[in-house]
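Some notes on the structure that comes next.
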Amino acid sequence: MAEFQNFTMNFGPQHPAAHGVLRLVLEMDGEVIQAADPHIGLLHRATEKLAESKPFNQSIGYMDRLDYVSMMCNEHGYVLAIEKLLSITPTVRAQYIRVMFDEITRILNHLLWLGTHGLDIGAMTMFLYCFREREDLMDCYEAVSGTRMHATYYRPGGVYRDLPDTMPRYQPSKWHDEKDVARMNAAREGTMLDFIEDFTERFPVRVDEYETLLTDNRIWKQRTVNIGVVSPERAMALGFSGAMLRGSGIEWDLRKKQPYEVYADMDFDIPVGINGDCYARYLVRIEELRQSNRIIKQCVKWLRENPGPVILDDHKFAPPSRVEMKGNMESLIHHFKLFTEGYNVPEGEAYAAVEHPKGEFGIYLVSDGANKPYRLKIRAPGFAHLSSMHEMVEGHMLADVVAVIGTQDIVFGEIDR
Amino acid sequence: MAEDGIAMLESLYNSVESLLLEFLPELWVELILTAVQIVILVVVIIICVAFLTLLERKIIGYMQNRIGPNRVGPRGLLQPFADTIKLLLKEVIVPDRSNRFLFIIAPLLSLTPALATWAVIPLFPGFVIADVNAGLLYVLALTSLGVYGVILAGWASNSRYALLGAMRSAAQIVAYEIAMGFALVGVLMAGRSLNLGDIVTAQEGGVLSWFWLPLLPLFLVYFISGLAETNRAPFDVAEGESEIVAGFHVEYSGAAFAMFFLGEYANMILISALTAVMFLGGWESAFAGWTFLAGTPLEFLQAPSLAWLAVKIAFFLFCFLWCRATFPRYRYDQIMRLGWKVFIPVTIVWIAVEGVMVWLKVGPWSV
């Protein structure tokens with residue numbers, strides 16, 4: 031009789047739970063995983079190299095496409111690095127807007143994570159509930175930047191433009207009569223800040239609803255408790271950050287430890303897990319949703335009371351207004367120079383990191399004094415998380431691999447870059 | 028009203044029978060008439076399956092904050108036909124290294140038992156295609172056969188995902204068959220018969236004299252095991268969308284896939300019907316014996332009829348869909364644990380309790 035052997039299974043890259051293009055080569059003994067070997071690179075787009083051949087500002091859009099579910103946070107890291115090299119500080123209002131949109135982005139990301147994590151474990155209704163809330167936040171993205179996802183909204187020195195006074199509204203159509211439209215537009219009558227405030231009022235109730243479906247659900251707990259346990263020591267040694275690190279019980283959040291922008295003025299807590307398993311990370315992220323909501327509320331309040339410029343008035347980095355350009359030769363030249371060759375950045379190097387929804391997202395920028403980066407290095411949190419795959423799933427079953435992929439909250443845009 | 032309909036059907040049946048008897052020998056007449064009944068029943072079931080798929084998409088859609096299919100026909104009512112036509116027009120791809128014979132025969136094996144079991148299910152008073160005395164055994168035998176389709180499909184596909192699905196399914200069925208079997212033993216003890224028609228008549232009376240009350244643990248175990256038997260969420264590990272893609276039928280396409288689909292949904296209806304027959308009194312009315320209803324316009328509600336069975340089946344089908352929209356999926360070993368360590372002990376204990384009660388002639392079993 032032939033001796034039984036482990037068999038190898040290709041999990042992905044085309045697999046419903048591969049979160050894009052993950053290819054896992056699994057060494058299995060029946061249903062039990064003996065080894066997991068992630069293969070990456072299927073979404074490689076050479077972002078770092080592309081950035082070397084473009085003026086600084088033109089790479090902001092590439093940052094959106096790294097982790098395509100937390101767009102503005104990626105921009106934030108890049109813009110912060112440029113600002114560090116240029117030694118400029120954005121206006122205070124711009125800082126508040128950035129913090130607000132960072133947190134909106136965090137909610138966007140965590141909602142997508144919750145939805146897909148739920149879907150992976152079989153709770154498919156979560157996915158659609160989460161997308162309902164995401165839609166409102168996507169509308170905020172669209173209102174400030176014109177696009178729902180790849181915003182390119184943050185610029186060195188501030189943000190592209192101030193928050194709009196109106197929200198786009200639904201129009202009556204074949205499918206929605208006047209009454210439907212009035213209901214859908216109820217929150218959209220005021221300014222964008224009104225809309226966001228209305229969202230922050232609604233959102234905690236929604237989070238409660240999600241929790242009713244999952245938190246105490248026996249099946250959910252059976253599927254997540256004690257799955258993919260990472261000890262605090264290993265979490266640090268593996269280079270974890272964000273919720274993955276906090277889930278293991280280490281209180282580390284760049285927003286508190288190295289406050290950037292106006293996070294120092296914000297009142298919020300850092301949730302920390304105890305067991306370091308999938309369930310702990312789930313609880314941490316759910317609490318982060320509530321904390322982000324708190325931060326957004328504080329930003330809305332401040333932004334309402336303090337109008338002001340949202341980008342520096344230095345036309346070496348920021349384009350002049352259209353009106354100025356029409357009558358002012360110098361503005362026209364500035365505009366032309368800025369959009370053709372960009373600006374030169376003093377020689378030097380800088381590392382800027384933000385607390386991205388997935389962890390520490392860092393940009394290491396080397397400038398040789400030209401108008402393009404000499405080298406751009408992206409520190410993507412997901413890369414470190416994915417590389418712990420083997421350690422997290424060894425000895426677990428096939429279904430747990432899916433839970434672990436979900437809990438790592440990986441997106442291949444940033445891992446493959 | 029319902030009785031009038033039944034009487035009409037009966038007289039129609041009798042007149043057709045006597046007409047045929049003039050030309051043909053008795054055996055032939057019986058065969059032909061049974062065949063006609065079978066065809067009618069199968070067609071009805073298949074139409075029910077078609078609309079069950081639409082119902083599922085609509086109900087889960089509304090539960091998930093969306094509207095479900097609404098493009099084909101008025102309010103999406105023709106969607107099942109569009110799906111069927113699409114599936115039938117697609118090519119059935121047989122993988123190169125598969126076992127061709129088993130690959131083709133597996134979908135048939137999973138569909139046939141689901142339809143064949145209907146032979147012994149009493150649909151309304153006095154009607155059952157085969158009035159078998161050992162009906163309950165027949166049900167047990169046939170519902171266990173369905174798994175062969177799944178196992179063969181998984182093995183014949185020669186794909187690792189499919190094989191994993193088949194293995195999971197095999198282990199799961201073994202565990203849940205036992206729990207289901209024990210639950211049926213309880214029903215058999217309470218109904219004092221293996222004939223499903225007799226079991227229904229034994230539950231005569233209002234909602235309180237149905238078996239669900241005295242057999243509550245068995246009722247719950249049976250329905251949940253039914254969920255597991257049909258590979259429906261949260262026990263859908265054999266398909267395991269997000270783990271093993273589509274499990275045992277990952278390599279199937281077109282009409283062959285449609286057969287599995289049909290089998291799964293026919294099984295859902297079957298399990299709902301069986302639960303209704305054995306625990307909720309089948310065609311019996313929920314209001315039977317409520318004397319104050321007699322003489323009021325609502326009196327017709329008291330008559331046993333096919334409609335009552337249909338309502339009960341619909342209720343269980345709704346529960347199937349509700350579970351699917353609500354629960355995350357169990358892991359394979361957790362399903363085993365639930366089956367072996369919870370359901371089987373519960374049923375054994377309840378059968379013992381029931382046995383003692385019957386012996387001592389106490390409670391609802393003293394008859």
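Chains as they are written, first to last, in the numbering used here: chain S, 31 to 447; chain Y, 28 to 394. We treat Cβ as the ideally placed atom computed from N, Cα and C, and that holds for glycine. In this text the structure is predicted, and so the values were computed from the model without any measurement.
- For residue 382 of chain Y, the CB contacts under 8 Å within the same chain, skipping 5 residues up- and downstream, are 216 in chain order.
- Rounded to the nearest whole angstrom, the C-alpha separation of residue 351 of chain Y and residue 155 of chain S is 9 Å.
- Residue state for residue 103 of chain Y is assigned as helix, using DSSP reduced to three classes.
- Taken in chain order, the members of the segment 410-434 of chain S whose beta-carbon sits within less than 9 Å of a beta-carbon on chain Y are 427, 428, 429, 430, 431, 432, 433.
- Among the residues facing chain Y, residue 57 of chain S is not included, as its CB has no counterpart in that chain under 9 Å away.
- Contacts with chain S (Cβ-Cβ distance below 9 Å) from the segment 346-360 of chain Y involve 351, 352, 353, 354, 355, 356, 357, 358, 359, 360, listed in chain order.
- With contact defined as three or more Cβ pairs closer than 8 Å, the segment 298-313 of chain Y and the segment 260-271 of chain Y are not in contact.
- With respect to chain Y, the C-beta atom of residue 47 of chain S has a partner C-beta closer than 9 Å.
- Within the DSSP bridge table, the entry for residue 59 of chain S names S/62 as partners.
- Contacts between residue 37 of chain S and chain Y, judged by CB atoms closer than 8 Å, involve 187 in chain order.
- Shown here for residue 156 of chain Y: same chain residues with a beta carbon closer than 8 Å to its own, the five before and five after excluded, namely 61, 64, 65, 68, 145, 146, 147 in chain order.
- The segment 355-369 of chain S makes no contact with the segment 237-246 of chain S: fewer than 3 CB pairs, one atom from each, lie closer than 8 Å.
- Shown here, residue 361 of chain S sits in a helix according to DSSP, grouped into three states.
- Listed along chain Y are 269, each with a C-beta nearer than 7 Å to that of residue 150 of chain S.
- Neighbours of residue 256 of chain S across chain Y, judged by C-beta separation under 8 Å, do not exist; the nearest C-beta is about 12 Å away.
- Among the residues of the segment 87-120 of chain Y, those with a Cβ less than 7 Å away from any Cβ of chain S are 90, 91, 92, 93, in the order of the chain.
- The three-state secondary structure of residue 338 of chain S, taken from DSSP, is coil.
- The C-beta of residue 123 of chain Y comes no closer than 9 Å to any C-beta of chain S.
- Between the alpha carbons of residue 35 of chain S and residue 369 of chain Y lies a gap of roughly 33 Å.
- Taking a cut-off of 8 Å on C-beta distances, the segment 254-264 of chain Y touches the segment 351-362 of chain Y, as three or more cross pairs fall below it.
- The three-state reading of DSSP puts residue 54 of chain S in strand, counting E and B together.
- Counting along the chain, residue 302 of chain Y sits inside the alpha helix (DSSP H) bounded by residues 281-306.
- Among the CB atoms of chain S, one or more fall inside 9 Å of the CB of residue 260 of chain Y.
- For the C-beta of residue 250 of chain S, the chain Y residues within less than 8 Å are, from N- to C-terminus, 355.
- Collapsing the DSSP output to three states places residue 68 of chain S in a strand.
- Against residue 368 of chain S, chain Y offers no close residue; the least beta-carbon distance is about 45 Å (beta-carbon pairs closer than 7 Å).
- DSSP links residue 356 of chain Y through a beta bridge to no other residue.
- Residue state for residue 276 of chain Y is assigned as helix, using DSSP reduced to three classes.
- For the segment 125-154 of chain Y, not one full-length beta strand (DSSP E) segment reaches 3 residues or more.
- In the three-state scheme derived from DSSP, where H, G and I count as helix and E and B as strand, residue 39 of chain S is classed as strand.
- Among the residues of chain S, those whose CB is under 9 Å from the CB of residue 191 of chain Y are 39, 58, 60, 61, 428, following chain order.
- Within the segment 216-275 of chain Y, the runs of alpha helix (DSSP H) at least 4 residues long that lie entirely inside it are, in chain order, 223-229, 243-256, 268-271.
- For residue 126 of chain S, the enclosing alpha helix (DSSP H) covers residues 122-151.
- Between residue 102 of chain S and residue 181 of chain S the beta-carbon gap is near 6 Å, inside 8 Å, which marks them as a contact.
- Minimum Cα-Cα distance from residue 98 of chain Y among the listed residues S/418, S/205, S/293, S/149 corresponds to S/205.
- Counting C-beta atoms within 10 angstroms of its own C-beta, residue 344 of chain S has fewer than 16 neighbours from the protein chains shown and is therefore classed as exposed.
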